[in-house]
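Residue numbers (the working numbering): 81 to 403.
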């Protein structure tokens with residue numbers, strides 16, 4: 081099979097298309113022929129080995145996983161003898177980040193609970209855009225809070241994969257959504273349901289004297305005290321991604337501040353694939369639709385990552401793996 085492998089951290093140039101042996105499923109695994117994958121910020125971090133603290137988990141000097149790629153959508157080719165949930169021919173999708181990654185390959189094996197059945201109306205490209213980003217958005221919005229109509233929700237870094245899903249999910253529950261990103265993404269954010277948009281290059285949402293019941297932060301770079309200031313009296317701040325310095329601020333200072341008031345600040349603990357069934361429902365009802373910025377072939381993955389790295393991607397970059 082063809083796969084994208086890398087042996088050292090670096091720029092997209094370290095990615096190579098190689099021929100490898102096809103994996104064989106273990107007793108509790110399914111073998112999936114991958115039709116499509118996508119790029120997430122974690123894939124970008126794994127490629128570069130940055131922030132360097134991540135190397136404690138993914139290989140100090142060289143990458144622990146030679147094939148990256150978390151999101152996959154494809155068809156079950158074979159199953160282990162103990163598999164109960166799927167049969168050959170089932171169309172599935174899921175996030176491989178707890179199963180050794182490996183999405184940028186024509187075939188992958190993973191435990192059966194990694195996957196969810198793909199709705200018939202959902203294309204493989206759409207399915208590949210969903211698993212990690214949409215689940216992060218869903219969990220970030222609902223894990224610690226009961227969403228309901230009328231809430232004021234701000235999504236910082238709303239123009240990427242997680243943010244575009246978060247805008248749509250929040251609107252589904254009737255929230256009033258403010259989306260923050262670059263100017264070139266604001267029209268797209270309005271089109272997926274944002275009530276208000278902020279160009280962060282011209283306006284600092286932590287200084288505009290507005291308050292929010294929930295701030296979902298995909299790309300945190302403000303002080304934890306700035307976030308606390310713009311929360312409503314019982315508001316919640318949830319961090320999904322951002323600088324290492326802000327991660328430690330939220331973990332330490334944010335946790336301390338949360339002990340002595342009704343405002344809560346914390347970091348989302350991601351649970352891969354939890355919530356995909358509900359997201360399938362929203363897709364089937366037409367309430368949530370993946371925003372796909374562009375599609376690349378597996379052989380052109382270097383250019384796909386270079387485009388992703390510009391920060392100008394609207395929604396998701398999808399990788400077409402098998403025809």
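Cβ atoms here follow ideal geometry from the backbone N, Cα and C, with glycine treated the same way.
Margin query: So, with DSSP's three-state summary, where would you put residue 92?
Written below: Along the chain shown, read from residue 1 onward, the residue named residue 92 stands at position 12. Helix at residue 92.
Item checked: Limits of the beta strand (DSSP E) - the one that residue 187 falls within -> As a first step, residue 187 must be located in the chain shown, where it is residue number 107. From DSSP, the beta strand (DSSP E) with residue 187 extends over 187 to 191.
Next item on the list: Tell me residue 316's beta-bridge partners as DSSP assigns them.
Entry: Counted from its first residue, the chain shown places residue 316 at position 236. BP columns for residue 316 point to 294 and 344.
Notebook entry, point to check: Rounded to the nearest angstrom, how far is the Cβ of residue 419 from that of residue 209, given a contact under 8 Å?
Noted result: The question about residue 419 has no answer, for the chain in this structure spans 81 to 403.
Note to self: Across the region 288 to 296 and the region 315 to 326, are there enough close Cβ pairs to call them in contact, namely three or more that are closer than 8 Å?
What the structure shows: yes
Notebook entry, point to check: CB residue 262 to CB residue 280, shorter than 9 Å?
Noted result: Against the chain shown, residue 262 aligns to sequence position 182. Against the chain shown, residue 280 aligns to sequence position 200. Yes, they are a contact pair.
Next item on the list: Take every Cβ of the region 216 to 233, pair it with every Cβ of the region 125 to 145, and state whether three or more of those distances are shorter than 8 Å.
Entry: no
Item checked: DSSP three-state assignment for residue 247, whether helix, strand or coil -> Counting from one through the chain shown, the residue named residue 247 turns up at place 167. Reduced to three states, the DSSP call for residue 247 is helix.
Check: Straight-line CA distance for residue 174 to residue 386?
Finding: If you number the chain shown from 1, residue 174 lands on position 94. If you number the chain shown from 1, residue 386 lands on position 306. Pairing residue 174 with residue 386, the inter-Cα distance amounts to about 24 Å.
Notebook entry, point to check: When we look at the beta-carbon of residue 329 and count the other beta-carbons within 10 Å, is it buried (16 or more) or exposed?
Noted result: In the chain shown, counting from the first residue as 1, residue 329 sits at position 249. By the neighbour-count definition (other C-beta atoms within 10 Å, threshold 16), residue 329 is a buried residue.
Check: Cβ of residue 112 within 9 Å of Cβ of residue 189?
Finding: Start at 1 with the first residue of the chain shown, and residue 112 comes out as number 32. Start at 1 with the first residue of the chain shown, and residue 189 comes out as number 109. Yes, they are a contact pair.
Checklist line | residue 392 - containing beta strand (DSSP E), residue span | finding: Within the chain shown, numbered from 1, the residue matching residue 392 stands at position 312. DSSP places residue 392 in no beta strand (DSSP E); its state is neither H nor E.
Item checked: Of the residues 91, 105, 360 and 266, the one placed nearest residue 282, counting alpha carbons only -> Along the chain shown, read from residue 1 onward, the residue named residue 282 stands at position 202. If we check each option's Cα against that of residue 282, 266 comes out closest.
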